[in-house]
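Structure record follows, encoded as structure tokens.
Below, the structure is given as structure tokens:
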């Protein structure tokens, strides 16, 4: 096997036996960026938060606010990144793909979340499809652990909203599992989407509501619970 540095071109290799001759097809990934930038490696594996944050600030298209904390092992390889003041990103998250990510001030992201989009979307044949490749998280939001966000389209999470529990999958070009959000659906500010709900429409006009069911609908107003202090976020040491 011959390995070429130019885009990892693997040449054909021939296996011969007495009866069978098999040709392995040629695989060419020319033009595909396979090497991870040095700054990304530093931001991922540096032992101290100050070094990780400094490495992110040095990257083109990345804006990192004051007092941001980034956990060990996070991979950041997106088109643009905007982290608001006082934000917290937990350990071993993946921000990967041709995506623009914006996370508001004082928002918290747990550990092992995946915010991604496939590089297939940059192919010329998809240029007219209108994919927005964007994720916007408002201020004072909470995303816990182990969620997956497919950012081929647009994902917006309003101020003060939660994605709680674990293992939710939010897809923008086909349906996922656990909590399901169909393409075109929207969730309003400070709303909670209940376990195993399927959101199929625009509920961005709702505020401080518990939304549940399949299809999801408002089942309870939560403004009184917020005012009385029965619902509040507790910062964790991710």
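Residue numbers (this note's numbering): 818 to 1055. Just so you know, even glycine gets a beta-carbon here, dropped at the ideal spot from N, CA and C.
So is residue 988 buried or exposed if we call it buried at 16+ other beta carbons inside 10 Å?
-> Against the chain shown, residue 988 aligns to sequence position 171. Burial of residue 988 is indicated by the presence of at least 16 other C-beta atoms within 10 angstroms of its C-beta.
Cβ neighbours of residue 859 in the same chain (closer than 6 Å, five flanking residues each side left out) = Reading the chain shown from its first residue, position 42 is the one you call residue 859. 872, listed in sequence order.
What is the DSSP secondary structure of residue 864, reduced to helix, strand or coil?
-> Counting from 1 along the chain shown, the entry for residue 864 is found at position 47. Coil.
Do you know offhand how far residue 865's Cα is from residue 932's?
-> As a first step, residue 865 is located in the chain shown; it is residue number 48 there, counting from the start. As a first step, residue 932 is located in the chain shown; it is residue number 115 there, counting from the start. Per the coordinates, the alpha-carbon of residue 865 lies some 23 Å from the alpha-carbon of residue 932.
Determine the closest residue to residue 1026 out of 1032, 986, 1011 and 890, with distance taken between C-alpha atoms.
-> The residue given as residue 1026 occupies position 209 in the chain shown. Among 1032, 986, 1011 and 890, the Cα nearest to that of residue 1026 is on 1011.
Rounded C-alpha distance that separates residue 915 from residue 1023 | Your numbering for residue 915 matches position 98 in the chain shown. Your numbering for residue 1023 matches position 206 in the chain shown. Just so you know, the alpha carbons of residue 915 and residue 1023 end up roughly 31 Å apart.
Which listed residue (977, 918, 930 and 924) has its alpha carbon closest to that of residue 898 = Within the chain shown, residue 898 is the residue found at index 81, counting from 1. Taking only the C-alpha atoms, the option nearest residue 898 is 918.
Is residue 957 helix, strand or coil when you go by DSSP?
-> In the chain shown, counting from the first residue as 1, residue 957 sits at position 140. In the three-state scheme derived from DSSP, where H, G and I count as helix and E and B as strand, residue 957 is classed as coil.
Are there 16 or more other CB atoms within 10 angstroms of the CB of residue 855, so buried, or fewer, so exposed?
-> Residue mapping note: residue 855 aligns to position 38 of the chain shown, counting from 1. Exposed.
Please classify residue 946: is it buried, with 16 or more other beta-carbons within 10 angstroms of its beta-carbon, or exposed?
-> Indexing the chain shown from 1 puts residue 946 at position 129. By the beta-carbon neighbour count (other beta carbons within 10 angstroms, threshold 16), residue 946 is exposed.
Since I believe residue 922 is in contact with residue 935 (beta carbons under 8 Å), could you give me their beta-carbon distance rounded to a whole number of angstroms?
-> Residue numbering aside, residue 935 sits at position 118 when the chain shown is read from its first letter. Residue numbering aside, residue 922 sits at position 105 when the chain shown is read from its first letter. No, residue 935 and residue 922 are not in contact; Cβ-Cβ is about 30 Å, not under 8 Å.
Where residue 957 and residue 893 are concerned, what is the direct C-alpha to C-alpha distance, given to the nearest angstrom?
-> Sequence index remark: in the chain shown, residue 957 carries index 140 (1-based). Sequence index remark: in the chain shown, residue 893 carries index 76 (1-based). Between residue 957 and residue 893, the C-alpha separation is close to 21 Å.
Identity of the residues DSSP links to residue 911 by a beta bridge = Here residue 911 corresponds to residue number 94 of the chain shown, with the count starting at 1. Bridge partners of residue 911: 892 and 931.
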